[in-house]
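Numbering (full-length UniProt numbering), first residue to last: 1 to 92.
Pasting the structure below:
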(Lines of atoms letter the chains of each structure in order from A and count residues from 1; the text may use other names and numbers.)
(Lines give C-alpha, C1' and ligand atoms only; values in the text may rest on other atoms or scores of the structure.)
Protein backbone atom coordinates (compact mmCIF):
# COMPACT_ATOMS: atom_id res chain seq x y z
CA UNK A 1 0.00 0.00 0.00
CA UNK A 2 1.40 3.41 -0.90
CA UNK A 3 1.87 6.09 1.76
CA UNK A 4 -1.08 8.09 0.46
CA UNK A 5 -3.45 5.14 -0.01
CA UNK A 6 -6.81 5.35 1.71
CA UNK A 7 -7.22 3.32 4.88
CA UNK A 8 -8.96 3.51 8.20
CA UNK A 9 -7.04 4.50 11.30
CA UNK A 10 -8.86 3.76 14.54
CA UNK A 11 -8.25 4.44 18.23
CA UNK A 12 -7.05 1.55 20.41
CA UNK A 13 -10.53 0.62 21.69
CA UNK A 14 -11.39 -0.76 18.24
CA UNK A 15 -15.11 -0.33 18.90
CA UNK A 16 -17.31 0.93 16.09
CA UNK A 17 -20.57 0.80 18.06
CA UNK A 18 -22.14 4.24 18.38
CA UNK A 19 -19.74 5.97 16.00
CA UNK A 20 -20.81 8.13 13.07
CA UNK A 21 -19.28 10.58 10.57
CA UNK A 22 -18.60 14.05 11.98
CA UNK A 23 -20.88 15.29 9.18
CA UNK A 24 -23.88 13.94 11.14
CA UNK A 25 -23.04 15.64 14.45
CA UNK A 26 -25.55 18.21 15.69
CA UNK A 27 -24.45 21.82 16.26
CA UNK A 28 -23.44 22.14 19.92
CA UNK A 29 -22.75 18.41 20.32
CA UNK A 30 -19.47 17.29 21.96
CA UNK A 31 -17.81 14.34 20.26
CA UNK A 32 -14.56 12.33 20.38
CA UNK A 33 -12.59 11.37 17.25
CA UNK A 34 -12.46 7.55 17.06
CA UNK A 35 -11.40 6.86 13.46
CA UNK A 36 -10.19 8.51 10.27
CA UNK A 37 -10.87 7.05 6.84
CA UNK A 38 -7.93 8.31 4.84
CA UNK A 39 -4.28 8.05 4.04
CA UNK A 40 -1.33 8.50 6.35
CA UNK A 41 -0.82 12.11 5.24
CA UNK A 42 -4.42 13.03 6.12
CA UNK A 43 -4.17 11.37 9.54
CA UNK A 44 -0.92 13.27 10.27
CA UNK A 45 -2.45 16.56 9.09
CA UNK A 46 -5.48 16.10 11.34
CA UNK A 47 -3.24 15.27 14.32
CA UNK A 48 -1.19 18.42 13.66
CA UNK A 49 -4.44 20.43 13.75
CA UNK A 50 -5.32 18.90 17.14
CA UNK A 51 -7.89 16.53 15.66
CA UNK A 52 -6.05 13.25 16.21
CA UNK A 53 -7.61 10.06 17.51
CA UNK A 54 -9.09 10.59 20.97
CA UNK A 55 -9.46 14.36 20.53
CA UNK A 56 -12.66 15.88 21.90
CA UNK A 57 -14.34 18.65 19.97
CA UNK A 58 -17.62 20.48 19.59
CA UNK A 59 -19.46 21.28 16.39
CA UNK A 60 -19.97 25.05 16.51
CA UNK A 61 -21.45 25.92 13.13
CA UNK A 62 -22.52 24.09 9.98
CA UNK A 63 -21.91 25.81 6.66
CA UNK A 64 -24.09 23.64 4.40
CA UNK A 65 -22.19 22.24 1.43
CA UNK A 66 -19.07 24.23 2.41
CA UNK A 67 -18.32 22.33 5.63
CA UNK A 68 -18.43 23.20 9.32
CA UNK A 69 -16.64 24.98 12.14
CA UNK A 70 -15.48 22.92 15.11
CA UNK A 71 -13.95 23.94 18.42
CA UNK A 72 -11.17 21.94 20.06
CA UNK A 73 -10.16 23.51 23.35
CA UNK A 74 -10.01 27.27 22.74
CA UNK A 75 -9.30 26.87 19.00
CA UNK A 76 -11.89 27.05 16.25
CA UNK A 77 -11.23 25.64 12.81
CA UNK A 78 -13.11 25.18 9.56
CA UNK A 79 -13.36 21.66 8.14
CA UNK A 80 -14.37 20.95 4.56
CA UNK A 81 -17.16 18.62 3.55
CA UNK A 82 -14.80 15.83 2.46
CA UNK A 83 -13.10 15.63 5.87
CA UNK A 84 -16.44 15.80 7.67
CA UNK A 85 -17.36 12.51 6.00
CA UNK A 86 -13.98 10.85 6.71
CA UNK A 87 -13.66 11.72 10.42
CA UNK A 88 -15.64 9.25 12.55
CA UNK A 89 -16.71 10.29 16.03
CA UNK A 90 -18.72 9.16 19.04
CA UNK A 91 -20.75 11.22 21.51
CA UNK A 92 -18.94 12.27 24.68
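Glycine included, each C-beta is placed from N, C-alpha and C at the ideal position.
Counting only runs of at least 4 residues, the region 35-84 fully encloses the following alpha helix (DSSP H) elements, listed from N- to C-terminal order: 40-48. Sorting 91, 25 and 63 by C-alpha distance to the C-alpha of residue 80 places 63 at the top. A distance below 6 Å between beta-carbons, with the five flanking residues on each side excluded, links residue 22 to the following residues of its chain, in chain order: 84, 87 and 89.
Around the beta carbon of residue 35, 16 or more other beta carbons sit within 10 angstroms, so the residue counts as buried. DSSP places residue 89 inside the beta strand (DSSP E), whose first and last residues are 87-91. In this structure, the straight-line span from the alpha carbon of residue 78 to that of residue 49 is close to 11 Å.
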